[in-house]
Amino acid sequence: MSAERTTRYGLRTLALAYLGALLFVPVGLVLYRTFQPGIVEVWASITTPAAVHAFQLTMMVTLIAVPLNTVLGILAALVIVRGRFRGKAFLDMLIDLPFAISPIVVGLSLIFVYGRTGWFGSALANAGIQIIFSWPGIVLATIFVTLPFVVREVAPVLREVGTEQEQAAATLGASSWQTFRRVTLPAIRWGVAYGVVLSTARAIGEFGAVSVVSGHIAGQTETLTLLVEQRFQNFNIAGAYAASALLAVIALGTLLAMTLIKPRKEHA
Amino acid sequence: MSTPAVIEAGSTGGRRSRARRASEGTPAVVRPGRLSIGIVTLWLSLIVLLPLAAVVAKSLDDGVGAFWTAVSGRQAVAALRFTLIVSLIVTAINALAGTLIAWVLVRDEFRGKRAINALIDLPFALPTIVAGITLLALYGNSSPLGIDVAYTQVAVAFALLFVTLPFVVRSVQPVLLELDREMEEAATSLGASGWTTFRRIVLPNLVPAILGGCALAFARAVGEFGSVVLISGNIPFQTQVASVFVYKQLEGDAPVSAAAVSVVLLLLSLAVLLGIRGLARLGARHER
């Protein structure tokens, strides 16, 4: 019995030490160093005009990318789970690609389509539309990297709930849209919510893809994560920590939301 | 977070869809029509397929010879090789550490376990650039421990371990939770030691989940940029990873070279995705 106990404590210590060294201590240290000079300094650092603009831009991009990916994500999940057509496996694969692709490749690819020398470059220039090194490029990059989350959370729930209740609704005379709104949507709502939380976190936190297409114009195309990098590169470590702490608080909020939604999602 | 979902997508689809097809007498459930399929196809083509096609096209802009010159350049090869090796090492460490952490979170009981369980997902929620700064604080030149590994290959491995931490844990955890304890109890009652029981009874059941988590961690490590860019110092032939190489090529106005190395990364991503699907299919067959 005591040997088993020793093993248990040993494994626990090992796991916690690994997590501590890699995760808890570094994050704790950054938060400590951020708030050591005082909350007033931190507040001043995250309310400079550049920081406020970066925050607003990040929120705007998130508010465009996440709702689009939510609506189309639910539709895509329905198509993948219930549709029967040729090329479905290919579509299914396309949905997973953004998870597996380097964010740098994502940014690069957008430049080759919408950049000055890209496929649509001259057409866009003639129309006076700028996508790369402007906010639409950041939005496109964010949509790309957050595309799979809602689909991948909703699809398994759709499979799980099946179609019996929908058939009952249809038998009672409900139209397709009514059935979707009154039966399907309530059944998948926690899966959707979980996907939205994950998409939002990724949209706010995306760095690589956005970095390539943004052009890093301070006060114009600088998102929060780009602000962190720019401050760090300019040896404004305290400023970089303050912006990082803001993002870390958002991340902790995300974890809280995930913890609250997960049990509901699983016992839907 | 999406680990089980990705694997699940391939594994149970076949069986369930057959069951569904059998009960398809009644019409008018919510079924995607041609319009929905068209919209989704258009959306995915526009957002994902078109840009990726542009990368492939760009990499061949100056012909196959130029493509080959770009990917076989000394610096490109060094970056790709380092990326592959460090990603494999990180994946192997994840297989061990991830399984261990999943085991402790499922089978052990201690105070604060629920909080730690929730915090496992922190690397997914925390922006990668913040992850890099975080690691630099503890393991950089201002380290309170006096451990300064910044701008070394070890630092790159640390960054990749940080961002890939949740994959194996989150893919093994649900399997371990569902595992029937009776077999283990039988093995123990027959005199098997704890280690033997784990190796012979538990581990074989976990292998598909470990491999699935490893595949996702590997794909993530190969393409990682944000957490690595500051901590690696980007020293060519030493700490420069493939994604940073691509970024520098683009900055240095060598788009064809950037595209060529990107195509190599793309092919790796595709191979991993196909591998995961194959694995899931294998697992589903095994289950039956």
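Keeping their order, the protein sequence lines are chains A and B.
If you number the first sequence the way the working numbering does, the last residue is 269 and the count never jumps.
If you number the second sequence the way the working numbering does, the last residue is 1707 and the count never jumps.
Every residue, glycine too, gets a C-beta built ideally from N, C-alpha and C.
Cβ-Cβ distance between residue i and residue j below 8 angstroms
i	j	result
residue 1489/B	residue 1679/B	yes
residue 152/A	residue 88/A	no
residue 133/A	residue 214/A	yes
residue 1688/B	residue 1638/B	yes
residue 80/A	residue 1464/B	no
residue 1588/B	residue 1521/B	yes
residue 1543/B	residue 1593/B	no
residue 1640/B	residue 1692/B	no
residue 1681/B	residue 1474/B	yes
residue 1504/B	residue 1569/B	no
residue 27/A	residue 1557/B	yes
residue 1623/B	residue 83/A	no
residue 149/A	residue 96/A	yes
residue 62/A	residue 120/A	no
residue 86/A	residue 1547/B	no
residue 244/A	residue 112/A	no
Any chain A beta carbon closer than 8 angstroms to residue i
i	result
residue 1618/B	no
residue 1570/B	no
residue 1621/B	no
residue 1474/B	yes
residue 1447/B	Its pLDDT being 45, under 50, residue 1447/B is placed unreliably by the model, and nothing is read from it.
residue 1455/B	yes
residue 1678/B	yes
residue 1490/B	no
residue 1697/B	no
residue 1470/B	yes
residue 1499/B	no
Cβ of residue i within 8 angstroms of any chain B Cβ
i	result
residue 129/A	no
residue 27/A	yes
residue 256/A	yes
residue 138/A	no
residue 9/A	yes
residue 143/A	no
residue 208/A	yes
residue 134/A	no
residue 173/A	no
residue 119/A	yes
residue 265/A	no
residue 167/A	yes
residue 16/A	yes
Contact list for residue i against chain A, beta-carbon separation under 8 angstroms
i	result
residue 1691/B	101
residue 1552/B	31, 229, 233, 241, 242, 245
Chain A contact residues for residue i, given Cβ-Cβ distances below 7 angstroms
i	result
residue 1681/B	106, 109
residue 1377/B	Outside the shown range of chain B (1420 to 1707) lies residue 1377/B, about which nothing can therefore be said.
residue 1477/B	113
residue 1516/B	19
Chain-ordered chain B contacts of residue i [CB-CB under 8 angstroms]
i	result
residue 230/A	1548, 1648, 1649
residue 86/A	1456
residue 13/A	1523, 1527, 1529
Delimiting residues of the alpha helix (DSSP H) encompassing residue i
i	result
residue 1611/B	No alpha helix (DSSP H) contains residue 1611/B, which DSSP labels as neither H nor E.
residue 216/A	Counting along the chain, residue 216/A falls outside any alpha helix (DSSP H), and DSSP gives it neither H nor E.
residue 1710/B	Outside the shown range of chain B (1420 to 1707) lies residue 1710/B, about which nothing can therefore be said.
residue 10/A	3-20
residue 127/A	122-128
residue 1411/B	Limits of chain B in this structure are 1420 at one end and 1707 at the other, which puts residue 1411/B out of reach.
residue 233/A	225-234
residue 239/A	238-267
residue 187/A	186-206
residue 1583/B	1572-1597
residue 1517/B	1493-1526
residue 175/A	Looking at the DSSP string, residue 175/A is not in any alpha helix (DSSP H), and its letter there is neither H nor E.
residue 93/A	89-101
residue 163/A	It is not in any alpha helix (DSSP H) - residue 163/A carries neither H nor E in the DSSP assignment.
residue 108/A	104-115
Interface residues of chain B facing residue i [CB-CB closer than 9 angstroms]
i	result
residue 223/A	What residue 223/A touches in chain B: nothing, since even the nearest Cβ is about 12 angstroms away.
residue 215/A	Here the premise fails: no neighbours, minimum Cβ distance about 13 angstroms.
residue 79/A	1449, 1450, 1451, 1455, 1459
residue 220/A	Simply none; closest approach about 19 angstroms.
Below-8 angstroms beta-carbon distance, residue i vs any chain E residue
i	result
residue 60/A	No chain E is part of this structure, whose protein chains are labelled A and B.
Beta-carbon neighbours of residue i, restricted to chain A and to distances below 9 angstroms
i	result
residue 1487/B	Going along chain A, no residue has its Cβ under 9 angstroms from residue 1487/B, so there is no contact; the nearest lies around 19 angstroms.
Cross-chain neighbours of residue i in chain B, by beta carbon under 7 angstroms
i	result
residue 126/A	Going along chain B, no residue has its Cβ under 7 angstroms from residue 126/A, so there is no contact; the nearest lies around 17 angstroms.
residue 5/A	1613
residue 252/A	1541, 1544, 1545
TODO: Check distances from the C-beta atoms of the stretch 1575-1603 of chain B to those of chain A and list, in chain order, the residues that come in under 8 angstroms.
DONE: 1577, 1580, 1581, 1584
Task: Interfacial residues, the stretch 45-74 of chain A to chain B, with Cβ spacing under 8 angstroms - done: 73
Open item on the list: Short of 7 angstroms Cβ to Cβ, which residues in the stretch 192-204 of chain A face chain B?
Closed with: 199, 202
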